[in-house]
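In the working numbering, the protein residues as written are 141 to 516.
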């Protein structure tokens, strides 16, 4: 593998030109690690170099984990994509939509499929009054407690009408809890993390893991980087956000991405999902189901949206990955790519909120220089 292009891009563009304080990347091909690289500092104020053992808030990179957990239950028959959400979360029998300033029951039923597709009619308002009232009264509110407040606010549109990035995957995590009678963290540990050898991915850091948390920053135009602590998507002490709550390392992300690239089978030999289920996840859904699909991808053009993941549809602008490549990214810059056709996976970590202001679509060029280095 020719690593020159990749290292040049990381050092001269991401680090020097764009100002990323530290990052790490791992690439696998045919289930073998072919490139691993760390650059910069995990805490530049303390001059601590980046390590592949550093832990990051991966924010929305949590979503593919939650969707994988839910798809395992689809495989087992414990849930169905076309089940009403209210079958698992009875509070959602009371969802409503405002018409002519009146509360009305929606004409369409919100289904589990709508949650995967971000078309349930929900929004991403973490400061909605019912959520804030609950947390003020009970700072230790559970995932289910908080999710059950969402039907107290009106839907933004009829379920299935269009795409809106939202708390749908947090609700999907609660569906997993309801269907399994387990906390989302417990289910993931048993059915995803342990089978793949993932050891540092969790919703709540403590002890030694807390000490390995990389310094987090936020980028502001005109001011640059400022220190930032915490994860505002973790709404309460016991809330496990299926959409944005996980912490992880580049090593763990790579183990997950590699398994999803290779028919659900990890390097451990354990299978977490059947290949046909993964194919369904990476099949574009919006144009088939929505009246007005409005989806954009931070990685760049060419992508549509499947069941909880971006999916490559159009390579006409020279994108190097194959049609059907899929994955997602997070609010602090972490990024995963799974390409079953080429048997390539990429895991990338950094820790800067508001990174698109600083990087633009920085993940797309990273994808392409890695493929250049692989000769694909």
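For glycine and all other residues, C-beta sits at the position ideal for the given N, C-alpha and C. Predicted model, so just to flag it, every value in this text is computed and none were measured.
Residue 491, DSSP secondary structure in three states: Mapped onto the chain shown, residue 491 falls at position 351. Of the three classes helix, strand and coil, the one that applies to residue 491 here is coil, per DSSP.
Residue nearest to residue 443 in terms of C-alpha spacing, selected from 427, 432, 431: Position 303 of the chain shown, counted from the start, is the residue given in the question as residue 443. It is 427.
For residue 212, the first and last residue of its enclosing alpha helix (DSSP H): Start at 1 with the first residue of the chain shown, and residue 212 comes out as number 72. Per DSSP, residue 212 belongs to the alpha helix (DSSP H) from 202-216.
Inter-residue CB distance, residue 401 and residue 479 (contact presumed, cutoff 8 angstroms): For the purposes of this step, residue 401 is identified with residue 261 of the chain shown, where counting begins at 1. For the purposes of this step, residue 479 is identified with residue 339 of the chain shown, where counting begins at 1. The beta carbons of residue 401 and residue 479 sit about 6 angstroms from each other, so the pair counts as a contact at 8 angstroms.
Three-pair Cβ contact test at 8 angstroms for the stretch 191-199 versus the stretch 297-309: Because the criterion of three Cβ pairs below 8 angstroms is not met, the stretch 191-199 and the stretch 297-309 do not touch.
Residue range of the unbroken alpha helix (DSSP H) whose run includes residue 238: Reading the chain shown from its first residue, position 98 is the one you call residue 238. Careful: residue 238 lies outside any alpha helix (DSSP H), inside the beta strand (DSSP E) at 237-239.
Contact set for residue 263: own chain, Cβ-Cβ below 6 angstroms, skip 5 residues either direction: To locate residue 263, count along the chain shown from 1; it is residue 123. Cβ within range, chain order: 296, 306.
Minimum length 4: unbroken alpha helix (DSSP H) runs contained in the stretch 303-375: Listed in chain order, the complete alpha helix (DSSP H) runs (minimum 4 residues) inside the stretch 303-375 are 308-320, 324-328, 347-351.
Buried or exposed by the 16-neighbour rule on C-beta atoms within 10 Å, applied to residue 251: Within the chain shown, the letter at position 111 stands for residue 251. Buried, by the Cβ-count rule.
Rounded straight-line distance, which links the Cα of residue 385 to that of residue 355: One-based indexing of the chain shown puts residue 355 at position 215. One-based indexing of the chain shown puts residue 385 at position 245. Cα-Cα distance, rounded: 17 angstroms.
Residue 87 versus residue 450 - alpha carbon distance: The structure shown does not extend to residue 87, since the chain is modelled only from 141 through 516, so no value can be given for it.
Inter-residue spacing [alpha-carbon to alpha-carbon] between residue 232 and residue 225: What you label residue 232 is simply residue 92 of the chain shown in a count that begins at 1. What you label residue 225 is simply residue 85 of the chain shown in a count that begins at 1. In this structure, the CA atom of residue 232 is about 7 angstroms from the CA atom of residue 225.
Buried or exposed by the 16-neighbour rule on C-beta atoms within 10 Å, applied to residue 279: On the chain shown, residue 279 is found 139 positions in, with the first residue counted as 1. Burial call: exposed.
Contacts around residue 257, its chain only, beta-carbon distance under 6 angstroms, and the 5 residues preceding and following it disregarded: Here residue 257 refers to the residue found at position 117 of the chain shown. The beta carbon of residue 257 sits closer than 6 angstroms to those of 425, all from its chain and outside the five residues before and after it, given in chain order.
Residue interval of the alpha helix (DSSP H) (run including residue 147): Mapped onto the chain shown, residue 147 falls at position 7. Unbroken alpha helix (DSSP H) run through residue 147: 144-148.
DSSP beta-bridge partners of residue 486: Within the chain shown, the letter at position 346 stands for residue 486. BP columns for residue 486 point to 167, 477.
CA nearest to the CA of residue 343, picked from 361, 240, 381: On the chain shown, position 203 is the one that residue 343 refers to. Per the Cα distances, 381.
Straight-line Cα distance separating residue 289 from residue 464: As a position in the chain shown, residue 464 is number 324, starting the count at 1. As a position in the chain shown, residue 289 is number 149, starting the count at 1. Residue 464 and residue 289: Cα-Cα distance of roughly 36 angstroms.
Best match in 347, 234, 390, 208 for proximity to residue 176 [C-alpha to C-alpha]: The residue you call residue 176 lines up with position 36 of the chain shown. Taking only the C-alpha atoms, the option nearest residue 176 is 390.
Within 8 angstroms, strictly: CB atoms of residue 383 and residue 204: Against the chain shown, residue 383 aligns to sequence position 243. Against the chain shown, residue 204 aligns to sequence position 64. In terms of Cβ geometry, residue 383 and residue 204 do not form a close pair [threshold 8 angstroms].
Per-residue burial, residue 399 [other beta carbons within 10 Å of its own, 16 or more giving buried]: Position 259 of the chain shown holds residue 399. Using a 10 angstroms sphere on the CB of residue 399, the tally of other CB atoms reaches 16 or more, which defines it as buried.
Endpoints, the alpha helix (DSSP H) within which residue 511 is located: Taking the first residue of the chain shown as 1, we reach residue 511 at position 371. It spans 503-514 - the alpha helix (DSSP H) in which residue 511 sits, taken as one unbroken run.
Rounded straight-line distance, which links the Cα of residue 491 to that of residue 475: Within the chain shown, numbered from 1, the residue matching residue 475 stands at position 335. Within the chain shown, numbered from 1, the residue matching residue 491 stands at position 351. If you draw a straight line from the Cα of residue 475 to the Cα of residue 491, it is about 11 angstroms long.
Host beta strand (DSSP E) of residue 179 (start-end): To locate residue 179, count along the chain shown from 1; it is residue 39. Note, residue 179: beta strand (DSSP E), 172-183.
Spatial distance of residue 405 from residue 445 (CA atoms): As a first step, residue 405 is located in the chain shown; it is residue number 265 there, counting from the start. As a first step, residue 445 is located in the chain shown; it is residue number 305 there, counting from the start. Whole-angstrom Cα-Cα distance: 23 angstroms.
At least three beta-carbon pairs within less than 8 angstroms, the stretch 434-443 to the stretch 502-515: Contact between the stretch 434-443 and the stretch 502-515 is present, because at least three Cβ pairs lie under 8 angstroms.
Residue 336 beta carbon less than 8 angstroms from that of residue 412: For this step, residue 412 is matched to residue 272 along the chain shown. For this step, residue 336 is matched to residue 196 along the chain shown. Yes, the Cβ-Cβ distance between residue 412 and residue 336 is below 8 angstroms.
Own chain partners of residue 433 with C-beta closer than 7 angstroms, once the 5 adjacent residues on each side are dropped: By 1-based counting over the chain shown, the position of residue 433 is 293. Excluding positions up to five away in sequence, the list reads 302, 303, 426, 427.
Continuous alpha helix (DSSP H) stretch holding residue 450: start and end: Here the question's residue 450 lines up with position 310 in the chain shown. First-last for residue 450: 450-452, but that is the beta strand (DSSP E), not the alpha helix (DSSP H).
Where residue 530 sits in the DSSP three-state scheme: Outside the displayed span of the chain (141 to 516) sits residue 530, for which this structure offers no information.
Minimum C-alpha distance to residue 267 - residue among 326, 486, 374: Numbered from 1 along the chain shown, position 127 holds the residue referred to as residue 267. Distance check between residue 267 and each of 326, 486, 374 places 374 closest, using alpha-carbon atoms only.
Start-to-end residues for the beta strand (DSSP E) that takes in residue 244: Here residue 244 is taken as the residue at index 104 of the chain shown, counted from 1. Its beta strand (DSSP E) spans residues 242-244.
Distance, residue 387 Cα to residue 345 Cα: In the chain shown, residue 345 corresponds to position 205, counting from 1. In the chain shown, residue 387 corresponds to position 247, counting from 1. Cα-Cα distance, rounded: 8 angstroms.
As assigned by DSSP and simplified to three states, the class of residue 249: Here residue 249 refers to the residue found at position 109 when the chain shown is read from its first residue. Of the three classes helix, strand and coil, the one that applies to residue 249 here is coil, per DSSP.
Residue nearest to residue 331 in terms of C-alpha spacing, selected from 472, 210, 485: Counting from 1 along the chain shown, the entry for residue 331 is found at position 191. Looking at the Cα atoms, 210 is the closest of the given residues.
Other residues of its chain near residue 180: CB distance less than 8 angstroms, five sequence neighbours each side excluded: As a first step, residue 180 must be located in the chain shown, where it is residue number 40. By the criterion of a C-beta distance shorter than 8 angstroms, residue 180 is surrounded in its chain by 155, 160, 161, 162, 163, 189, 190, once the five residues flanking it on both sides are discounted.
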